[in-house]
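S.K.:
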Amino acid sequence: MAVLSRIRFLPCLFPRGIAIRGPAIALVAILSLSVRVAAQEQPTDYQVKAAFLEKFGKFIEWPDNAFSSPATPIVIGIFVDDPFGSALKRFADGDTVNGHPVEIRQVKNISDLRSCHVIFIPASAKGSERDALAAVAGQPVLTVGETDDFYNEGGMIEFVIEKKQVHFRIRNEAARAAGLKISSKLLILARRT
Amino acid sequence: MRWSELFPADGFISSKSVPVAFIIPFLALAETATADEAARTNAVPAVRDDARLKKLSSMSVEELINQKVTILGPTESISKTPAAVSVVTQEDIQRSGAMNIPEALRYLPGMDVGQIDASQWAVSSRGFNDQFANKLLVLQDGRSVYTPLFGGVFWDVQGAMLEDIDRIEVVRGPGSTLWGANAVNGVINILTKNARDTQGWLVSGGGGSFDRGFANGRYGGMLSDDLYYRVYGTYMNHDDTPLPAGGTSHTDWQAGRGGFRIDWNKTVDDLLTLQADAYGGEIHEMFITAPAFTPTADDMHVSGGNVLGRWTHTFSDTANFKLQAYFDRTYRRTVVFTEPRNTFDVNFQHEFDPIDRNHMIWGLGYRGTSDSEGNTATVSWDQAHRTENLFSGFIQDEVALVRNRLSLTLGTKIEDNGYTGFEFEPGARLLWTPTERNTFWGAISHAIRTPSRSDNDVIFNQPPGITVYGNADLPSERLTAYEIGYRTEPLKQASFDFTLFYNDYDRLRSTEFGPSPTQPLSTPFFPLHFDDKLFGAAYGGCVSMTWRVTEWWQLQPNYSYLKMNLHTRPGSTDTTTVTTEEGESPENQFSLRSMMDFPHDITFDCGVRYVDRLAMPAPLTPVQSYVTMDARVAWHVRKNLEVSVVGQSLLQKRHAEFSPTAILANPQTDVPRSIYGKITWQF
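Chains as they are written, first to last, in the numbering used here: chain A, 90 to 282; chain B, 239 to 921.
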């Protein structure tokens, strides 16, 4: 504490205010610059969500008729606007899910959602969330979303942010009703509510 | 109080530095905008992005969950609980530098935490704080740690390996509809992590000026794919607190704790948990003992242990049941009383949707608690042994009046206890979420505090020659509480939480002249007895905010106000309890927490807290208002090695926080400025 109390006398040597404010502003500027660099080392939520979206398929069993042959790609459809940048395409590139190659598709028409195996409805499509879910109701399509109401509207997997981490809730009944079997390994990791 | 009093002469914050404190957030805010823009426009160098994506694609689902992210999409949703709730997360506990549970609760909105001496604490919300604050229910992993002896919590024997706590859920206001008796002014639920989330070794240790030395060790392992366990041990040694007049109090102490937890996901829908803890401690205290009423140095001995088993079965996303049983033993030997107590508790809870738009929870419980009191010249009990049986049931239904927007929760607890027989604790809560970012709620609840063992049949000799007798005719203390709250997130960076409450109490404990109607006179001293002649209201509110100033800086200010207006019934001879109860809780409290993440895995956190004065009448000592600060700086030297330095109560050499309860009459002590260092190693 002795050192700190000595600092209090420093302003006497300089014009009032400058002694403290000058260095403090400089310090904040340096800190924010270095912090900006640090923040870039952290992935964004959408990069992590993309990684999840690409991996979820590995924990799902689709009914036999969902794929016409083992070489048929597993189609991940992004409804309207793609928030992932290049991330999802990069993850999918060259990867396979249960032997199927992965195809990323941007879906503009609600009626085209049925031809996907996994669909992601971003927050930007909140207005048509209910219609999109209705369009694939009863079909073996894994529905993934990110808004507060997605789970309550009957979506199967909802991303939730908690303390700067991406978690997810799973509505297993909705998946079962659609003929999808979700692995217990994924169910155990889901947030229970 | 004047501004200058906030910063005492020996403190090092001068008012000159205030403008800087105001400038920094705005500079930082400007910074956020540019950082966000950079992220959106993909200005991030492609090479770094490439490496990052490569790393993400090789991560497991578990690792992805644990990855901290920069948020561009929807943020954390605001709580949709129709009650005044807050949660202390594992990160909050670590970053607050808390050494024990009361310290971890200090910066929560509406909580009132005062340290009495090295080992004793007063913790409450919405008033009636005391060393034995008897209107706050505390549970650890579903096990009640509220003692039926005095009513209240012996904080000196509560704890866990802090690194293994998942979160502490705090409800301010009645939780009686679900938790039953004694959840009058609040409920604290301490939840430890699933053993699956505490795998590997964690060793931490350190020491400092007040917390002389501490060491913690845990090992978590896996017996099979779905069967995980952990074993832990902790030890700590605390110094005395100083006396206001100088010198040290005789209140230093040491304690050790150990235990295990096993979690078995027998199937994806069945989780079986078995856990046990054992502890022991030597606590130095001062008591005023009869018949000479001189201060006596005591070497208290505390020990205990518990075993708890729980089976959770999930039927569907909205239906599950829980069956839980535990055995708990506590032992406490002091110069004024000795108490071994054994408690057995079993309870069952079932949650399901009976019909569309309805979500129902019901449960049944039994608790048996048996004690054996060792009498002394100071404190004795009319009955040496006592076994109490508590039978309880509850039912609650949540009706969605408008789906996802408006819901009404109705429920009641029904209990049959050995002191007052049948008790009902009904409650109604309304929740309105007009938009995703706005939540309004209101509640009316009825809560009770059942008489404690000492309310019922204690015989307590106090200076200068009076004896306080228990009263077996006492009814439960009653509360009808009216609450409203509003949560909003007007900006992505800021959320607010407002609550207001009006508590109407009746049949509160008073101390009256004359012999007890149910106990014979047993000493030549002047007799007093407990009665129920107090009533009145407490009202107040709380506003708290979470402000994510930048990606790396978060501020949490909160303010709470409390006003208590208690009265005695006609015929009462009690002239001190009203002013004591009113004086023991601060009218205004303000705190501000700051959490900063710096590059190279360095974090800096600090908190400033203001607590209004406590104006208790003699023989208690009033406590001056105070402002003090806690700070912590931590550096992750490597991914698995963290070094931290924590300073507590930094703004003055020492300050008083709370006056010891009249029942024990140990001298008032101060909380010293202190510092400790800690190393945490995980492998």
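We put the beta carbon where it would ideally sit given N, CA and C, even for glycine.
Listed in chain order, which residues of the region 289 to 308 of chain B have Cβ atoms closer than 9 Å to some Cβ of chain A?
M.R.: Arg290, Leu291, Lys292, Lys293, Leu294, Ser295, Met297, Ser298, Val299, Glu300, Leu302, Ile303, Asn304, Gln305, Lys306, Val307 and Thr308
S.K.: Check Asp789 (chain B) in the structure and name its three-state DSSP category.
M.R.: Translated into the one-based positions of the second sequence, residue 789 (chain B) becomes position 551. Note on identity: in this sequence residue 789 (chain B) is Glu, with Asp being the wrong assignment. Three-state result, Glu789 (chain B): coil.
S.K.: Taking Val865 (chain B) as the reference, which of B:Ser887, B:Asn803 and B:Ala514 has the closest Cα?
M.R.: Your numbering for residue 865 (chain B) matches position 627 in the second sequence. Restricting attention to B:Ser887, B:Asn803 and B:Ala514, the CA atom closest to the CA of Val865 (chain B) is found in B:Ser887.
S.K.: Please report the distance separating the alpha-carbon of Trp919 (chain B) from that of Val408 (chain B).
M.R.: In the second sequence, the residue the question calls residue 919 (chain B) occupies position 681. In the second sequence, the residue the question calls residue 408 (chain B) occupies position 170. Computed Cα separation, rounded: 30 Å.
S.K.: Write down every uninterrupted run of the alpha helix (DSSP H) in the region 684 to 730 of chain B whose length is 4 residues or greater and which is fully enclosed by it, in chain order.
M.R.: 691 to 695
S.K.: Is there at least one Cβ from chain A nearer than 9 Å to Arg434 (chain B)'s Cβ?
M.R.: The residue labelled residue 434 (chain B) in the question sits at position 196 within the second sequence. True, the Cβ-Cβ gap to chain A drops below 9 Å.
S.K.: Residues of chain A with CB closer than 7 Å to the CB of Asp219 (chain B), please, in chain order.
M.R.: Outside the shown range of chain B (239 to 921) lies residue 219 (chain B), about which nothing can therefore be said.
S.K.: Pull up the CB-CB distance for Ile633 (chain B) and Thr650 (chain B), whole angstroms please, since I reckon it's below 8 Å.
M.R.: For the purposes of this step, residue 633 (chain B) is taken as residue 395 along the second sequence, with counting starting at 1. For the purposes of this step, residue 650 (chain B) is taken as residue 412 along the second sequence, with counting starting at 1. Going by Cβ atoms, the distance from Ile633 (chain B) to Thr650 (chain B) rounds to 7 Å, so yes, they are a contact pair.
S.K.: Can you find the residues in the same chain that come closer than 6 Å, C-beta to C-beta, to Gly352 (chain B), ignoring five residues on each side of it along the sequence?
M.R.: As a position in the second sequence, residue 352 (chain B) is number 114, starting the count at 1. Hits under 6 Å: Ala360, Glu895 and Phe896.
S.K.: Less than 8 Å between the CB atoms is what I'm expecting for Trp670 (chain B) and Gln731 (chain B), so what's the real figure, rounded?
M.R.: Residue numbering aside, residue 670 (chain B) sits at position 432 when the second sequence is read from its first letter. Residue numbering aside, residue 731 (chain B) sits at position 493 when the second sequence is read from its first letter. Incorrect: roughly 25 Å between the Cβ atoms, too far for contact.
S.K.: Could you give the first and the last residue of the continuous alpha helix (DSSP H) run that contains Ala266 (chain A)?
M.R.: For the purposes of this step, residue 266 (chain A) is taken as residue 177 along the first sequence, with counting starting at 1. Taken as a continuous stretch (DSSP letters only), the alpha helix (DSSP H) holding Ala266 (chain A) covers Asn261 to Ala266.
S.K.: Measure from the C-beta of Pro162 (chain A) to each C-beta in chain C and report whether the shortest distance is under 9 Å.
M.R.: Protein chains A and B are contained in the structure displayed, whereas chain C is not.
S.K.: For Thr556 (chain B) and His597 (chain B), what's the separation of their Cα atoms in angstroms?
M.R.: Numbered from its first residue, the second sequence carries residue 556 (chain B) at position 318. Numbered from its first residue, the second sequence carries residue 597 (chain B) at position 359. Each residue's alpha carbon lies about 8 Å from the other.
S.K.: With H, G and I counted as helix, E and B as strand and the rest as coil, what does DSSP make of Thr625 (chain B)?
M.R.: Here residue 625 (chain B) refers to the residue found at position 387 when the second sequence is read from its first residue. Correct three-state label for Thr625 (chain B): strand.
S.K.: Any C-beta of chain B within less than 8 Å: which residues of the region 194 to 221 of chain A qualify?
M.R.: Pro211 and Ala212
S.K.: For chain B, check one thing: does any of its Cβ atoms lie closer than 9 Å to the Cβ of Lys270 (chain A)?
M.R.: Indexing the first sequence from 1 puts residue 270 (chain A) at position 181. No, Lys270 (chain A) does not count as interfacial toward chain B.
S.K.: Please identify the residue among A:Phe180, A:Phe168, A:Ala212 and A:Ala176 whose C-alpha is closest to the C-alpha of Leu202 (chain A).
M.R.: Against the first sequence, residue 202 (chain A) aligns to sequence position 113. The shortest C-alpha separation from Leu202 (chain A) is found at A:Phe168.
S.K.: Where does Gln224 (chain B) fall in DSSP's three states?
M.R.: Because chain B in this structure spans residues 239 to 921, residue 224 (chain B) falls outside the shown range and cannot be described.
S.K.: Please tell me whether Val865 (chain B) has its Cβ less than 9 Å away from any Cβ of chain A.
M.R.: The residue given as residue 865 (chain B) occupies position 627 in the second sequence. Output row for Val865 (chain B): interface = no.
S.K.: Per DSSP, what kind of secondary structure is Tyr564 (chain B) in: helix, strand or coil?
M.R.: As a working note, residue 564 (chain B) is residue 326 in the second sequence. In the structure shown, Tyr564 (chain B) sits in a strand (DSSP, three-state: E or B).
S.K.: Mind listing the chain B neighbours of Ile250 (chain A)? Cutoff is C-beta to C-beta under 9 Å, in chain order.
M.R.: Taking the first residue of the first sequence as position 1, residue 250 (chain A) is located at position 161. Here the neighbours are Val307, Ile309, Gly311, Pro312, Thr313, Glu314 and Ser315.
S.K.: List the residues that DSSP assigns as beta-bridge partners of Val326 (chain B).
M.R.: Here residue 326 (chain B) corresponds to residue number 88 of the second sequence, with the count starting at 1. Paired residue(s): B:Ile406.
S.K.: Is the CB of Glu825 (chain B) under 9 Å away from at least one CB in chain A?
M.R.: As a working note, residue 825 (chain B) is residue 587 in the second sequence. Not an interface residue.
S.K.: State buried or exposed for Asn741 (chain B), treating a residue as buried only when at least 16 other CB atoms are found within 10 Å of its CB.
M.R.: Walking along the second sequence from the start, residue 741 (chain B) turns up at place 503. Answer is buried; the Cβ neighbour count reaches 16.
S.K.: My understanding is that Asp850 (chain B) touches Asn878 (chain B), with C-beta atoms under 8 Å, so please give their C-beta distance in whole angstroms.
M.R.: What you label residue 850 (chain B) is simply residue 612 of the second sequence in a count that begins at 1. What you label residue 878 (chain B) is simply residue 640 of the second sequence in a count that begins at 1. Actually they do not touch by this definition, with Cβ atoms about 43 Å apart.
S.K.: Rounded to whole angstroms, what is the Cα-Cα separation between Leu510 (chain B) and Arg434 (chain B)?
M.R.: As a first step, residue 510 (chain B) is located in the second sequence; it is residue number 272 there, counting from the start. As a first step, residue 434 (chain B) is located in the second sequence; it is residue number 196 there, counting from the start. Roughly 12 Å separates the two Cα atoms.
S.K.: May I ask you to list, following chain order, the residues of the region 552 to 584 of chain B that have a beta carbon less than 9 Å from some beta carbon of chain A?
M.R.: If the cut-off is 9 Å between Cβ atoms, the region 552 to 584 of chain B has Thr552, Ser554, Asp555, Thr556 and Asn558 near chain A.
S.K.: Have a look at the DSSP bridge pairing and note the partners of His893 (chain B).
M.R.: Residue numbering aside, residue 893 (chain B) sits at position 655 when the second sequence is read from its first letter. Beta-bridge pairing links His893 (chain B) to B:Val909.
S.K.: Can you name the residues of chain B whose CB is closer than 9 Å to the CB of Asn241 (chain A)?
M.R.: Here residue 241 (chain A) refers to the residue found at position 152 when the first sequence is read from its first residue. Here the neighbours are Arg641 and Asn642.
S.K.: With a cut-off of 9 Å, does the C-beta of Thr505 (chain B) fall near any C-beta of chain A?
M.R.: In the second sequence, residue 505 (chain B) corresponds to position 267, counting from 1. It does; some Cβ of chain A falls within 9 Å.
S.K.: Please check if any C-beta of chain B sits within less than 9 Å of the C-beta of Asn261 (chain A).
M.R.: Indexing the first sequence from 1 puts residue 261 (chain A) at position 172. Answer yes: the Cβ-Cβ gap between Asn261 (chain A) and chain B drops below 9 Å somewhere.
S.K.: If you count every other CB in all the chains shown that lies within 10 Å of the CB of Ser462 (chain B), and 16 or more means buried, which is it?
M.R.: As a working mapping, residue 462 (chain B) is identified with position 224 in the second sequence. The residue is exposed, with fewer than 16 neighbouring Cβ atoms inside 10 Å.
S.K.: Mind pulling the chain B residues with CB within less than 9 Å of Ile167 (chain A)?
M.R.: Your numbering for residue 167 (chain A) matches position 78 in the first sequence. Residues of chain B passing the Cβ test: none, with the nearest at roughly 13 Å.
S.K.: May I ask you to list the residues that DSSP assigns as paired with Gln254 (chain A)?
M.R.: Residue numbering aside, residue 254 (chain A) sits at position 165 when the first sequence is read from its first letter. Answer by DSSP bridge pairing, in chain order: A:Glu251 and B:Lys306.
S.K.: Alpha carbons only, please: which of B:Leu830, B:Thr552, B:Met854 and B:Pro905 is nearest the one belonging to Pro347 (chain B)?
M.R.: Reading the second sequence from its first residue, position 109 is the one you call residue 347 (chain B). Nearest option by C-alpha distance: B:Leu830.
S.K.: Buried or exposed for Lys292 (chain B), going by 16 or more other Cβ atoms inside 10 Å?
M.R.: As a first step, residue 292 (chain B) is located in the second sequence; it is residue number 54 there, counting from the start. Looking at its Cβ environment, which holds fewer than 16 other Cβ atoms inside 10 Å, Lys292 (chain B) is exposed.
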